[in-house]
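Chains as they are written, first to last, in our numbering: chain A, 26 to 314; chain B, 56 to 475.
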């Protein structure tokens, strides 16, 4: 289990992480969601010990970053997603995969299999300098897979990928999850997180403002666009309006007959509505006005 | 686990444009040395019948005149004092001419061991006449008149030559190492490289080592996130990087050496590691002492010093690049340290005046100077050779290792920072 305990980190007066407490279990995909500059990468860097918090600690399987030996031990368990601009341009993709597989002692997962799974056969033996952005991004992801560490930190892994590649990597993420990996991914691709993340953490003002259990979202909402007519209709109902003018009416708070009346009124007024669970994008709009 | 990392770093090292530049520069220097410098190298004590024959004729003529002058002065009734030149000539020339005759015959017959034997005796005899007896009929060759130290340099040159001839002769007897003209003139590839591996030549090689090592750590910032969190300790990373530079340096100098051998050997012969050479130990009990050793032993000592010194400079440059976070400044500072002794105190008699310089590691950075004994001669300090140099060099290496160890323990000093 990966624990973040009482972590506070500030750059000068700017407190980026304020007494953050989190626990992550193996075998889950955790999404980190927040606008740029809100602390996602900072949190990942604290987990990697690239940034040392002023208060609190990170612990994985009872080991904390205390000595250099601990750091190496923890880095053996945690692998982070490199930036594609930092790849060695004169090396091949295979060189990179072999490097990470060797450094992290991966003997279980053959590099060849990773290349096949991520459909990299056509270019993996060419120099990285010939790759497109999408190819590089796939390689960076493949390197983390090659490391085969129990914890994988993926910062914007889907950036620059076309829908096919997003789907390919998403499938791979599910496979890794089945292998009991803990995957923490910071992402702006909310629909993707919606689909695959077990848990989504919304960060803001140094805190985790929402720790969403994405797989246990049973609440349903009546959703519609905010107009004078709808607000008039909903005058006697409990609802909230998101910054994108979306109205959310929690169904659990409305009695059955009242709900029937409301739907009838909406139909009569020709107002489009939907009954859905709240999605991550809605929450994003809710939290980050 | 570390092998791939090592190979990755080695590949990055080998295709680094700065390192390619250094490789090319070394190759060019090696070619220049082999094709221009060596053929034009001035051999002061040449094995050449022409000047010896001319000298033989001149000296014979002079001896004849001198004998007439002496005979004239001995005539009864003549109050004539013969010139000192004539007196000296009569007493010394017969011996010199006897040597010259044997030397000329040896050259004609290509009997090189006979040449070595008589030339050695001749150089020893004439050196005694010039240096000890102050005989003005003889002079050291003008080529020694380069450092405003003509008499001393000439004396040292003659002593070294006759000791070398004796050593070569002993080698022929003991190890059947055949002699030839090129060997006697120290022109064979192994001999000429031996004589060149000192002074600025070696210091330039050390500077090259410094610049090879200068960006081996700082270069990682280009690949920052790929290497930032790899599960290797700072010390392991630095050892692997040291190994990479060592391999690169070795490759560079081996290629340069092979080029030199391939260019020189066909023309002058390769020589042999079994050939004898001499190293000067300094004046011991007021007597200049030369020690005979094989070229193989010389090269062994050279390689030991070269390994220690290149290790020192790789680790020092790495240390400086971590502390100063700038590869250029690190390379420059290491280079300045490398040439510091040559710039500051390599001058006549300094060792006699400041004996503590023997304990300074910088004294030994030019390697060949200390191993051949040139340093002992220049500094007028006996014993400043291989054995004396080992202690200070190892101490310096240990100090650098301790500093590196301490710096790698400090978390606030990472090997590289993204913003560097």
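Note that CB positions come from ideal geometry on N, CA and C, so glycine has one too.
Nothing here was measured: the structure is a model prediction, and the numbers come from that model.
Check, Outcome
"CA nearest to the CA of residue 215(B), picked from 331(B), 112(B), 146(B), 312(B)", "331(B)"
"Residues of its chain near residue 264(B), where Cβ-Cβ distance is below 6 Å and the 5 sequence neighbours each way are ignored", "304, 365, 368"
"Contact set between residue 105(A) and chain B, taken where Cβ atoms lie within less than 7 Å", "284"
"Three-pair Cβ contact test at 8 Å for the segment 71-81 of chain A versus the segment 245-263 of chain A", "no"
"Short CB-CB distance (under 7 Å) between residue 467(B) and chain A", "no"
"Counted within 10 angstroms of its Cβ, other Cβ atoms place residue 157(A) as buried (16 or more) or exposed", "exposed"
"Neighbour list for residue 209(A) in chain B, Cβ cutoff strictly below 7 Å", "Ordered by position in chain B, no residue passes the 7 Å Cβ test against residue 209(A), which lies about 14 Å from the chain."
"Chain-ordered chain B contacts of residue 173(A) [CB-CB under 9 Å]", "Within 9 Å Cβ-Cβ: nothing; residue 173(A) doesn't reach chain B, min ~12 Å."
"Length-filtered (3 minimum) beta strand (DSSP E) runs lying within the segment 147-230 of chain A", "176-180, 207-211, 224-229"
"For residue 252(B), three-class secondary structure by DSSP", "coil"
"DSSP three-state assignment for residue 249(A), whether helix, strand or coil", "strand"
"Chain-order list of residues whose beta-carbon lies under 8 Å from that of residue 139(B) (same chain, five-residue window excluded)", "191"
"Cβ-based burial, residue 390(B) [other Cβ within 10 Å; buried from 16]", "buried"
"Amino acids of chain B, ordered along the chain, whose beta-carbon sits closer than 7 Å to that of residue 115(A)", "70"
"N-terminal and C-terminal residue of the alpha helix (DSSP H) that residue 144(B) is part of", "139-164"
"Below-7 Å beta-carbon distance, residue 299(B) vs any chain A residue", "no"
"Beta-carbon gap between residue 412(B) and residue 404(B) smaller than 7 Å", "no"
"Neighbourhood of residue 96(A) by C-beta distance below 8 Å, restricted to the same chain and skipping five residues each side", "74, 90"
"Three-pair Cβ contact test at 8 Å for the segment 203-216 of chain A versus the segment 241-253 of chain A", "no"
"Near the ligand MG: residue 225(A) beta-carbon under 6 Å from a heavy atom", "Within the structure as shown, the ligand MG is missing, as the structure has no ligands at all."
"Contact with chain B by residue 123(A), beta-carbon distance below 7 Å", "yes"
"Proximal residues to residue 87(B) (C-beta, below 7 Å), its chain only, five neighbours per side dropped", "none"
"Contact between the segment 281-290 of chain B and the segment 106-113 of chain A (3+ Cβ pairs under 8 Å)", "yes"
"Rounded straight-line distance, which links the Cα of residue 151(A) to that of residue 116(A)", "8 Å"
"Cβ-based contacts, 7 Å cut-off: residues of the segment 79-98 of chain A near chain B", "93, 97"
"Residue 141(A) - DSSP class collapsed to helix/strand/coil", "helix"
"Closer than 7 Å to chain B by CB, residue 108(A)", "yes"
"Given 8 Å, three or more beta-carbon pairs between the segment 297-314 of chain B and the segment 392-403 of chain B", "no"
"Min CB distance residue 63(B) to chain A below 7 Å", "yes"
"Anticipated Cβ contact below 8 Å, residue 89(B) with residue 319(B), distance rounded", "5 Å"
"Contact check, residue 118(B) vs residue 147(B), beta carbons under 7 Å", "no"
"Paired residues, beta bridge with residue 332(B) - DSSP", "348(B)"
"Near-chain B residues of the segment 130-143 of chain A (beta-carbon distance less than 9 Å), N- to C-terminal order", "130"
"For residue 85(A), three-class secondary structure by DSSP", "strand"
"First through last residue of the beta strand (DSSP E) which encompasses residue 128(B)", "Not the beta strand (DSSP E): residue 128(B) falls in the alpha helix (DSSP H), residues 104-129."
"Min CB distance residue 154(A) to chain B below 7 Å", "no"
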